[in-house]
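First the structure, in the form of structure tokens, and then the observations on it.
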Amino acid sequence: MTDEQPESARPEQGAHPAEDAGTATGADTGTATGADTGADTGTATETDAAAEQSAADAPLLRLEQVTKSYGNVAALSEVSLDVHAGSVSCVLGDNGAGKSTLIKIIAGLHPHDSGTYTIDGEPARLGSPREALDRGIATVYQDLAVVPLMPVWRNFFLGSEPRVGRGPLRRLDVAEMRRTTRRALLRMGIDLRDVDQPIGTLSGGERQCVAIARAVHFGARVLVLDEPTAALGVKQSGVVLKYVAAARDEGIGVVLITHNPHHAYLVGDRFVLLKRGEMAGSHAKESITLDRLTREMAGGSELDELSHELERSPAPPPPGSAA
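Here the sequence shown stands for residues 1 to 323, where the numbers follow the UniProt record's numbering.
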């Protein structure tokens with residue numbers, strides 16, 4: 001006797017359960033895999049974007065709790081400074097505040113005693129100004145270190161002169177230096193009459209501008225300016241500040257050392273105040289006014305006390321006059 005299956009239990013003609021199951025499983029797997037891959041890709045993209053943003057926000061140069069002493073004299077005590085690409089960090093203070101010592105540490109002239117000095121996030125201890133230049137840190141000192149009787153183009157390439165020829169016929173590539181100097185100055189908006197004129201014939205502001213253009217041309221990523229407007233008049237100071245802003249717009253991190261809060265406030269993005277080797281304040285531009293910055297640099301309460309002492313009391317009436 002043969003058992004017959006009910007029609008409802010019989011597989012339909014042409015139906016393949018195993019294939020259907022495999023197809024369904026493959027579709028589900030493909031869908032899941034595609035979803036997972038898309039999610040992973042999206043997550044990776046977000047992670048990369050966050051990493052890029054973090055790298056962009058990281059400072060080019062950072063000093064944290066840096067201290068420097070000369071014998072028993074503490075020139076700097078726990079000073080911190082961040083320098084970001086495309087921004088101007090101003091260091092303000094009177095004479096003896098420690099500004100020059102800070103410059104020397106950044107430029108590799110003197111090592112710091114304690115604290116951390118990082119460049120691109122890596123700890124650094126520079127042994128010479130040449131090492132600082134190799135790391136993209138250029139310093140323009142107040143005296144500029146130019147040769148007054150040499151032409152502008154010769155000072156522009158001083159110490160980095162390109163040469164042509166071989167052996168005993170090797171010589172300075174004067175034509176290339178002239179062209180490059182003229183082009184580099186124009187790039188910064190500096191239009192000199194003649195790059196062949198002695199640099200000593202230029203005004204103080206023009207010489208400062210040439211020094212800034214030189215640093216930009218030779219690839220500085222951090223530009224330290226030591227009192228660039230100290231010996232200049234109002235008009236020339238304005239010209240120099242214009243080119244400080246131009247260097248900032250080139251993506252360079254600028255450290256402006258000055259004792260003039262008005263000049264600092266015109267171009268600065270962040271202000272660090274030093275007093276007797278210690279930090280007296282650190283402010284972003286949007287969090288402080290020029291008046292407050294000036295008062296903090298001048299001493300605040302000390303300035304009020306001095307003003308009070310200088311106030312004249314009313315003169316006593318002359319003898320015999322009516323009260």
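All C-beta atoms in this analysis are idealised placements derived from N, C-alpha and C, irrespective of residue type, glycine included. Note that the coordinates shown come from a computational prediction; the quantities given were computed from them, not determined experimentally.
Could you check the C-alpha separation between T67 and L158 for me, to the nearest Å? Roughly 34 Å separates the two Cα atoms.
Can you check whether the CB of G98 is closer than 8 Å to the CB of A75? Yes, these two residues count as a Cβ contact at 8 Å.
Alpha carbon to alpha carbon, how far is V254 from R248? Roughly 7 Å between the two C-alpha positions.
Rounded straight-line distance, which links the Cα of H259 to that of P228: For the pair P228 and H259, the Cα-to-Cα distance works out to about 10 Å.
In the structure shown, what three-state DSSP assignment does G141 receive? The identity of residue 141 in the sequence shown is Tyr, whereas the question assumes Gly. Reduced to three states, the DSSP call for Y141 is coil.
Distance, V174 Cα to A264 Cα: In this structure, the alpha-carbon of A264 lies about 38 Å from that of V174.
Does the distance from the C-beta atom of V147 to that of L192 stay below 8 Å? L192 is positioned such that its CB atom lies no closer than 8 Å to that of V147.
I'd like the span of the alpha helix (DSSP H) that includes L293, first residue to last. Looking at the DSSP string, the run of the alpha helix (DSSP H) that includes L293 is 290 to 298.
Test item: CB-CB of H262 and F271 under 8 Å: Not a contact, by the Cβ cut-off of 8 Å.
Whole-angstrom distance between L63 and D196, CA atom to CA atom: Taking the straight line from one Cα to the other gives about 41 Å.
Burial state of R171 (16 or more Cβ within 10 Å): The residue in question, R171, is exposed, as its Cβ has fewer than 16 Cβ neighbours within 10 Å.
Grab the span of the beta strand (DSSP E) containing D82 for me, first residue to last. Looking at the DSSP string, the run of the beta strand (DSSP E) that includes D82 is 73 to 83.
Thinking just about the alpha-carbon of each residue, which of L273, I252, A215, L290 is nearest to the one in L266? The shortest Cα separation from L266 among L273, I252, A215, L290 belongs to L290.
Which residue wins for smallest C-alpha separation from T201, given the options L256, L149, G115, Y117? The alpha carbon of T201 has as its nearest neighbour, out of L256, L149, G115, Y117, the alpha carbon of L149.
State yes or no: is the C-beta of V88 within less than 8 Å of the C-beta of L81? Taking 8 Å as the Cβ cut-off, V88 and L81 do not qualify as a contacting pair.
Here's a check: name, in chain order, each residue in its chain whose Cβ is nearer than 6 Å to the Cβ of L61, leaving out the five neighbours to either side. Annotation for L61: V83, I119, V222 place their beta carbon closer than 6 Å to its own, counting only its chain and skipping 5 residues before and after.
Can you check which of these residues, L133, V239, G205, G233, is closest to A220 by C-alpha distance? Checked all of L133, V239, G205, G233; the closest Cα to A220 is L133.
Can you tell me which of P198, L185, T101 puts its alpha carbon nearest to the alpha carbon of Y243? When the alpha-carbon of Y243 is set against those of P198, L185, T101, the nearest one is in L185.
List the whole-angstrom C-beta distance separating S77 from D113, where the pair is believed to meet the contact cut-off of C-beta under 8 Å. Between D113 and S77 the Cβ distance is about 10 Å, and since that is not below 8 Å, they are no contact.
Cutting at 8 Å between CB atoms, please list the residues of its own chain near E131, excluding the five before and the five after it. A distance below 8 Å between beta-carbons, with the five flanking residues on each side excluded, links E131 to the following residues of its chain, in chain order: G108.
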